[in-house]
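Enquirer: Residue numbers (the numbering used here): 42 to 301.
Glycine included, C-beta positions come from ideal geometry on N, C-alpha and C.
Handing you this structure, nothing more for now.
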């Protein structure tokens, strides 16, 4: 991890620093942030292997040998019907790959028990809108976001809406910082009555990582740190989905700093 050598109080800043600077030069856009690596044409497999040392190394090497570039990996340990313990590895990858050859190569590994091909998460759930804050406000923002996402998904897009109602400065700031580590997040909406302090600093870190932030018009300093401030929670949800949509004309960077 990029921050493993740093003191604990510096690790939060290091996470956003590494993420934003990793893509900065290669994917600049006109707004001064970065565009993420394309998630189009990704393939995915789920691999079940024995839980033992070196398994991840062997599997990653097999992908490389088959000209597959891993772009996402999720590993979870599961218990079988007996006392056996297995690793479930979900991997998304790109490249000019002969799928059948890759699957056969994975099956030849002694540790691998099964390989199942899947459609990638980006093709199923698509771009993610994250809504965090007080329950009543989160529900209203989600209403606007879900209604707008429905219009786009009917036309073939994939936009999903994730919510979590939370209270407390520490709890909120931790959740906001964690948004940086979530896959496929395109925008964050903060919905509440009052937010500030460490929450505002977490918002700055999210923005530095290339994720735009919409905030409801609320008490506290968060509104002055967000890219866009919206009074109507339903409209805030609509704006969020319109921004991440590939066919809508709304762009949050064109109205950055505005209040509606």
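Using the three-state DSSP reduction, which class does residue 296 fall into: helix, strand or coil?
Expert: coil
Enquirer: Residue 235 to residue 199, Cα distance in whole Å?
Expert: The straight-line gap from Cα to Cα measures roughly 32 Å.
Enquirer: Where does residue 291 fall in DSSP's three states?
Expert: coil
Enquirer: In terms of residues, what are the limits of the alpha helix (DSSP H) holding residue 188?
Expert: 176-195
Enquirer: Quick one: residues in its chain with C-beta nearer than 6 Å to the C-beta of residue 77, no 5 flanking neighbours on either side, listed in chain order?
Expert: Note that residue 77 scores 48 on pLDDT, short of 50, meaning its location in the model is unreliable and no value can be drawn from it.
Enquirer: Can the beta-carbon of residue 172 be found closer than 9 Å to that of residue 223?
Expert: no
Enquirer: Report the rounded CA-to-CA distance for residue 94 versus residue 100, giving the unit in angstroms.
Expert: 12 Å
Enquirer: Which of the three DSSP states, helix, strand or coil, is assigned to residue 274?
Expert: helix
Enquirer: Give me the Cβ distance between residue 364 and residue 228, rounded to the nearest whole Å; I'm assuming they're in contact under 8 Å.
Expert: The question about residue 364 has no answer here: the residues shown for the chain are numbered 42 through 301.
Enquirer: Classify residue 162: buried if its beta carbon has 16 or more other beta carbons within 10 angstroms, exposed otherwise.
Expert: buried
Enquirer: Among 180, 204, 293, 177, which residue has its Cα nearest to the Cα of residue 269?
Expert: 293
Enquirer: Would you list the one or two residues that DSSP bridges to residue 31?
Expert: This structure cannot settle anything about residue 31, because the visible part of the chain is limited to 42 through 301.
Enquirer: What first and last residue would you give for the alpha helix (DSSP H) that runs through residue 146?
Expert: 140-148
Enquirer: In the structure shown, what three-state DSSP assignment does residue 168 receive?
Expert: Residue 168: strand per DSSP, three-state reduction.
Enquirer: For residue 274, which of 255, 127, 149, 267 has the nearest alpha-carbon?
Expert: Of the listed residues, the one whose Cα sits closest to residue 274 is 255.
Enquirer: Pick helix, strand or coil for residue 83, following the three-state DSSP scheme.
Expert: Taken through DSSP and simplified to helix, strand or coil, residue 83 comes out as coil.
Enquirer: Thinking C-alpha only, which one of 281, 259, 260, 244 is nearest residue 267?
Expert: 244
Enquirer: I need the boundaries of the beta strand (DSSP E) containing residue 100, first residue and last residue.
Expert: Premise fails: residue 100 lies in the alpha helix (DSSP H), 96-106, not in any beta strand (DSSP E).
Enquirer: Since residue 281 and residue 230 are thought to touch, with beta carbons under 8 Å apart, how far apart are those beta carbons, to the nearest angstrom?
Expert: Yes, they are in contact, since the Cβ atoms of residue 281 and residue 230 sit about 5 Å apart, within 8 Å.
Enquirer: Roughly how many whole angstroms lie between the Cα atoms of residue 104 and residue 168?
Expert: 26 Å
Enquirer: Is it buried or exposed for residue 128, if we count other Cβ within 10 angstroms and need 16 for buried?
Expert: buried
Enquirer: Measuring straight from C-alpha to C-alpha, what distance separates residue 85 and residue 202?
Expert: 22 Å
Enquirer: For residue 303, does the three-state DSSP call read helix, strand or coil?
Expert: Since the first residue shown for the chain is 42 and the last is 301, residue 303 is missing from the structure and cannot be characterised.
Enquirer: Does DSSP classify residue 158 as helix, strand or coil?
Expert: strand
Enquirer: Between which two residues does the beta strand (DSSP E) carrying residue 214 extend?
Expert: Counting along the chain, residue 214 falls outside any beta strand (DSSP E), though it belongs to the alpha helix (DSSP H) covering 210-220.
Enquirer: When you compare the CB positions of residue 14 and residue 193, do they come within less than 9 Å of one another, or not?
Expert: This structure gives no information on residue 14, because the portion of the chain shown stretches from 42 to 301.
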